[in-house]
Amino acid sequence: MAEVIERGTSETRGDRHILHFVLRLPHPVENVWPAVAHPEGLRQWLAAADPFEPRLGGAVALRWLNADGVVTAGRITAWDVERVAEYTTEDFHGRIRFHLEPWVELGTILRFTNEFDGDDALRLDCLAAWHMHLEYLAAALSGRPTAWKSWTPDRFLELRESYAESGS
Numbered sequence: 757m758a759e760v761i762e763r764g765t766s767e768t769r770g771d772r773h774i775l776h777f778v779l780r781l782p783h784p785v786e787n788v789w790p791a792v793a794h795p796e797g798l799r800q801w802l803a804a805a806d807p808f809e810p811r812l813g814g815a816v817a818l819r820w821l822n823a824d825g826v827v828t829a830g831r832i833t834a835w836d837v838e839r840v841a842e843y844t845t846e847d848f849h850g851r852i853r854f855h856l857e858p859w860v861e862l863g864t865i866l867r868f869t870n871e872f873d874g875d876d877a878l879r880l881d882c883l884a885a886w887h888m889h890l891e892y893l894a895a896a897l898s899g900r901p902t903a904w905k906s907w908t909p910d911r912f913l914e915l916r917e918s919y920a921e922s923g924s
């Protein structure tokens with residue numbers, strides 16, 4: 757079952773797109789941080805991370821586990837332990853930022869931003885893909901990591917159509 761994630765929003769300035777998602781997660785920051793800033797956590801919902809040098813300027817490469825091993829290489833461009841992890845890639849994925857804030861007693865607000873250059877079709881693809889991956893993140897935090905071998909594009913296509921229809 758997919759976790760309920762609020763729809764993402766986007767801003768466009770020329771060919772530059774900035775996507776925003778805000779998640780209210782019923783998990784403490786100390787549980788969310790490893791999921792977005794450690795190789796073992798990223799693998800459960802996003803990608804295999806190798807190399808992964810957890811420091812400002814450190815190398816990072818993400819091998820997408822749902823896309824036949826496509827690799828995105830880049831650098832860690834912001835790093836504030838248990839607060840901000842930002843990866844800037846050398847390809848169309850652009851800047852990927854996770855900002856964590858404590859929320860109520862044991863929860864976390866995750867502010868996710870993705871900034872990249874591309875056309876409107878890529879913007880819709882990225883809105884759908886990140887929405888899907890953030891559902892996977894919420895599921896992984898609840899003890900249900902993504903089963904990559906059984907992954908299909910069905911949920912992505914459903915989300916993409918929804919974003920296209922809404923004009924998001």
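One gets the working numbering by counting positions in the sequence shown from 1 and adding 756 to each. Where is the CB? At the ideal position from N, CA and C, for every residue including glycine. Computed from a predicted model, the values in this text were never measured in an experiment.
contact_flag[the stretch 813 to 821, the stretch 786 to 804] where n(CB pairs < 8 Å) is 3 or more: yes
Cβ separation of T845 and T828, assumed to be a contact under 8 Å, to the nearest whole Å: 5 Å
DSSP-derived helix/strand/coil call for L890: helix
Stretch-stretch touch, CB-based, cutoff 8 Å, three pairs: the stretch 873 to 886 with the stretch 778 to 788: Per the Cβ contact rule, the stretch 873 to 886 is not in contact with the stretch 778 to 788 (fewer than 3 Cβ pairs under 8 Å).
Contact with chain B by V785, beta-carbon distance below 9 Å: The structure shown contains no chain B, having only a single protein chain.
contact_flag[the stretch 758 to 769, the stretch 844 to 862] where n(CB pairs < 8 Å) is 3 or more: These segments do not touch.
Distance CB(G813)-CB(R831) smaller than 9 Å: yes
Option nearest G825 by Cα separation, candidates D910, D806 and R851: D806
Contiguous alpha helix (DSSP H) assignments of at least 4 residues, all confined to the stretch 792 to 875: 795 to 799
Pick from F808, S906 and S918 that is closest to D881, judged by C-alpha positions: S918
Secondary structure of V788, DSSP reduced to three states: helix
Euclidean distance between Cα positions of E861 and H794: Rounded to whole angstroms, E861 to H794 spans 24 Å at the Cα level.
D771, buried or exposed, once every other Cβ within 10 Å from all chains shown has been counted against 16: exposed
Assigned secondary structure, R916 (DSSP; H/G/I helix, E/B strand, else coil): helix
Same chain, Cβ closer than 6 Å to P784, five either side skipped, listed in chain order: L862
Span separating the alpha-carbon of P909 from that of H889: So the two alpha carbons sit approximately 12 Å from each other.
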